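In the numbering used here, the protein residues as written are 5 to 430.
Scroll down for the structure; my scribbles are underneath it.
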RNA sequence: CGGGGUAUAGCGCAGUCUGGUAGCGCACUCGCUUUGGGAGCGAGUGGUCGUAAGUUCGAAUCUUACUACCCCGACCA
């Protein structure tokens, strides 16, 4: 894409509304704009990243055997009455009436709708286990939305729900999702921890959170310094103990000492058991011909939150540093004098074509600006690799290859393929 | 909901104390010169100063009420 044509309204100065790094950078890089508190429009650059993450999530979910569906955002009161959540949930459940005075809510989650779907359409143990998921906009009227899309009211979430005939089936589904979530976070390229958690209001027995480690994380987690063990400090702390008192204590799993870290919760997996299926009478016939209540699990990933989390974990004072797998563009061709110098234009266009054919997402900065402006923007946007074509090319036949991390080298254009092979591990 | 803060051009700000009809930087438009770390000169565009009411000859400025947004807390997949 040509930089001069794509809609990326970057900001030189930090907007006063953003105090958190990822929020600040998403606004400055022209990824999002606010419509109301906790409600955002995604602009082309932000949307590309969002879609990249969404597609990784989708690929891994499909690979696990889960099937994609799309449920409505608007849900009728009647289903929520069945699980008693119409009364239990507070104002975070946004309720309204249609023109016939019938009550509805905006879906903050979809246990009711999915359980209704399954109980009406799955009748035999032979159709189980099944795992259905969607990637969809959720709405929760948070008490205090904050930090941009990190804690928005409207946000994109992948939520999936597994149904099985017995406890064993649930555990298998849970383990499969646990593995799938690890694959997703590793593929995106983030440093994370699986954290033992309080299952909270959703109910059920077993639950673990996936936290992306970052200094600005909202949650404080205790991790062992010598094992994989991690636990949410909310679970660990008893009567008025301070978080600091945990640091250096023996880890509860018996391995090493506790370290306190900050994390951003990007995923949560639950073994719900029969909580919802009992309330909603979701049963199938077993091989004995008996009606058996379904065992249910639910698994969420905050797709839009992952965008912010990735930035929180990967940035410097110049801007964003995207992991290759989710970068909006892999390579930025910084062409200095594009409109004025025919050789530079033709060479830039040629490289653009060649690299695009190789499967890279390419940005070509054709704007009538100097090197400084262009490299600053590229650094702000976090594009992993830059190819600079300017007067060094005209005079000495050299282009500069410069990574977002700061490595740079000059090379003849002939060597480009070889150089790029080095960065080809996307 | 409790506490704190902000609201003046697209963004960042000054002007408010001490009332006199709005300004700076960046961005944007046009022209010329520039082009390897956010270019220069010249000429321009853009604001009923968050909303409403009040005080006053006169309000961005004083008074009152309201709203929106941000931060801390409670809360939260």
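Don't be surprised by glycine CBs; every beta carbon is placed ideally from N, CA and C.
Treat the numbers as computed from the prediction; the structure is a model and nothing was measured.
query	result
Nonlocal neighbours in the same chain, by C-beta distance under 6 Å from residue 270, ignoring five residues either side	214, 216, 306, 309, 310 and 313
Residue 153 burial status per 10 Å Cβ neighbour count (16 or more: buried)	buried
Sequence-distant residues of the same chain with beta carbon closer than 7 Å to residue 198, five excluded per side	212, 214 and 234
Close-in-space but distant-in-sequence residues of the same chain around residue 83 (CB under 7 Å, 5 per side omitted)	116, 117 and 120
CB contact flag (residue 10, residue 34, <7 Å)	no
Three-state class that DSSP yields for residue 410 in the structure shown	coil
Expected contact under 8 Å - CB spacing of residue 330 and residue 56 to nearest Å	4 Å
N- and C-terminal bounds of the alpha helix (DSSP H) containing residue 224	Not the alpha helix (DSSP H): residue 224 falls in the beta strand (DSSP E), residues 223 to 228.
Cα-Cα separation, residue 104 to residue 28	43 Å
Where residue 87 sits in the DSSP three-state scheme	coil
Local Cβ density within 10 Å of residue 88, reported as buried at 16 or more and exposed below that	exposed
Proximity below 7 Å, CB of residue 70 to CB of residue 8	no
Status (buried if at least 16 other CB within 10 Å, exposed otherwise) for residue 141	exposed
Run of the beta strand (DSSP E) containing residue 369, from where it starts to where it stops	366 to 369
Cβ contact check for the stretch 292 to 305 and the stretch 262 to 279: 3 or more pairs under 8 Å	yes
7 Å Cβ cutoff met for residue 342 and residue 349	yes
Where residue 27 falls: helix, strand or coil (DSSP)	helix
Coil, strand or helix - residue 317 by DSSP	helix
Residue 21 classed as buried or exposed, judged by whether at least 16 other C-beta atoms fall within 10 angstroms	exposed
Proximity to residue 231 [Cα-Cα], best of 260, 100 and 66	260
Uninterrupted alpha helix (DSSP H) stretches inside the stretch 242 to 303 (no shorter than 4 residues)	279 to 283
Ordered list of beta strand (DSSP E) runs contained in the stretch 27 to 100, each at least 3 residues	36 to 40, 43 to 46 and 78 to 80
Contacting residues, own chain, Cβ-Cβ under 6 Å from residue 75 (five flanking each side not counted)	114, 117 and 138
Where residue 333 falls: helix, strand or coil (DSSP)	coil
Residues near residue 239 in its chain [Cβ-Cβ closer than 7 Å; skip 5 each side]	200, 201 and 202
Helix, strand or coil at residue 154 according to DSSP, with G and I counted as helix	helix
Range of the contiguous beta strand (DSSP E) that encloses residue 211	211 to 217
Residue range of the unbroken alpha helix (DSSP H) whose run includes residue 372	Residue 372 -> no alpha helix (DSSP H), and no H or E assigned at all.
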